[in-house]
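In my numbering, the protein residues as written are 4 to 280.
Each residue gets a CB set at the ideal place from its N, CA and C atoms; glycine is no exception.
All remarks here apply to the structure that follows.
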């Protein structure tokens, strides 16, 4: 049975930490901890066997030993079950939850984790790179939704790690976490890298370009490899493109100038998977 604690003050240090984590995209780097809000992210965390030191739950979603929550019974049962998987459960009033939530429709359950609490740690060092893993490299991607979608596609299509160069949206920011839908826990994640850190990879780099004759579906792709995906407006930097062993193009018979980077990544990763059979 986890330790149960109640907090009612907005000035409590834990509440202040949660507010920063929910509302500031890069607060997780300063605090060294990650806030997972919502039953889907919490369930994904448990499914990957990640230890959970602290769960926070609203009193409207908490079914204690001697009473029932005032909210929806089915959602309260789920929230309470997820909360009890933690070593410690902190129960807060509904009104206090609304003071720090990052969601328009709060799920009223969340986990507070150390930043490196699982195998796919967010180390800000080249030492965390897995040299021969199937990889996606993110070169200064700005949009959190794109980054989260790429993580989700990577986890679904057999990629083992994602490496983010400096200038990329924070991998553990709230919007990226929500867009990733739990994919974070299936990947080795390393961020805040310089291009030179990619020398630790022992697989060829592959990028997309509109200025190449190699069509992604008609060229033999190396496996494993590291797909390099670039800034939404500027693409892959020239210096990083020069490091690539291969560049490929994605046919666009409809005449659009370019594809959204998350869509392009999904196409490339699927083609790699298809060729592997």
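Where does residue i sit, in a helix, a strand or coil, going by DSSP?
i, result
"residue 147", "helix"
"residue 135", "coil"
"residue 193", "strand"
"residue 177", "helix"
"residue 40", "strand"
"residue 18", "helix"
"residue 153", "helix"
"residue 30", "helix"
"residue 106", "coil"
"residue 264", "helix"
"residue 83", "helix"
"residue 168", "strand"
"residue 89", "coil"
"residue 66", "coil"
"residue 272", "helix"
"residue 113", "strand"
"residue 241", "helix"
"residue 119", "coil"
"residue 51", "coil"
"residue 24", "helix"
"residue 259", "coil"
"residue 78", "helix"
"residue 185", "coil"
"residue 13", "coil"
"residue 2", "Any answer about residue 2 is impossible in this case: the structure gives the chain only from 4 up to 280."
"residue 163", "coil"
"residue 125", "For residue 125, the predicted structure reports a pLDDT of 45, less than 50, and the residue's modelled location is therefore unreliable. A value from the coordinates is still provided. Looking at residue 125 - three-state DSSP - the assignment turns out to be strand."
"residue 3", "Missing from the structure shown is residue 3; the chain here goes from 4 to 280 and no further."
So residue i packs on residue j, CB below 8 Å; how close in whole Å?
i, j, result
"residue 9", "residue 94", "5 Å"
"residue 239", "residue 210", "5 Å"
"residue 278", "residue 224", "5 Å"
"residue 25", "residue 60", "Between residue 60 and residue 25 the Cβ distance is about 15 Å, and since that is not below 8 Å, they are no contact."
"residue 31", "residue 115", "11 Å between Cβ atoms; not a contact."
"residue 253", "residue 267", "6 Å"
"residue 37", "residue 188", "The Cβ separation is near 11 Å, so there is no contact."
"residue 143", "residue 171", "6 Å"
"residue 97", "residue 62", "6 Å"
"residue 44", "residue 185", "6 Å"
"residue 28", "residue 176", "4 Å"
"residue 11", "residue 99", "7 Å"
For residue i, list the residues DSSP reports as bridge partners.
i, result
"residue 142", "233"
"residue 101", "According to DSSP, residue 101 bridges with nothing at all."
"residue 252", "218"
"residue 8", "93"
"residue 60", "94 and 112"
What does a CB cutoff of less than 6 Å around residue i pick up in its chain, not counting 5 residues either side in sequence?
i, result
"residue 264", "149, 232 and 235"
"residue 178", "147"
"residue 92", "5, 7, 58 and 86"
"residue 246", "208"
"residue 22", "103"
"residue 281", "With the chain running from 4 to 280 in the structure shown, residue 281 is simply not present."
Keeping to the same chain, check which residues put their C-beta closer than 8 Å to that of residue i; ignore five residues upstream and five downstream.
i, result
"residue 3", "The structure shown does not extend to residue 3, since the chain is modelled only from 4 to 280, so the question has no answer here."
"residue 134", "203, 204, 205 and 206"
"residue 66", "72, 79, 80 and 83"
"residue 190", "123, 154, 157, 158, 162, 163, 164 and 165"
"residue 270", "219, 253 and 262"
"residue 217", "249, 250, 251 and 252"
"residue 222", "249 and 251"
"residue 35", "117 and 118"
"residue 276", "160 and 161"
Here's a check: name, in chain order, each residue in its chain whose Cβ is nearer than 7 Å to the Cβ of residue i, leaving out the five neighbours to either side.
i, result
"residue 101", "109"
"residue 220", "274"
"residue 272", "156, 157, 160, 162 and 230"
"residue 227", "135, 136, 137 and 206"
"residue 1", "The structure shown does not extend to residue 1, since the chain spans only 4 to 280, so no value can be given for it."
"residue 17", "10 and 93"
In chain order, each alpha helix (DSSP H) run of at least 4 residues that lies wholly inside the region 199–226: none
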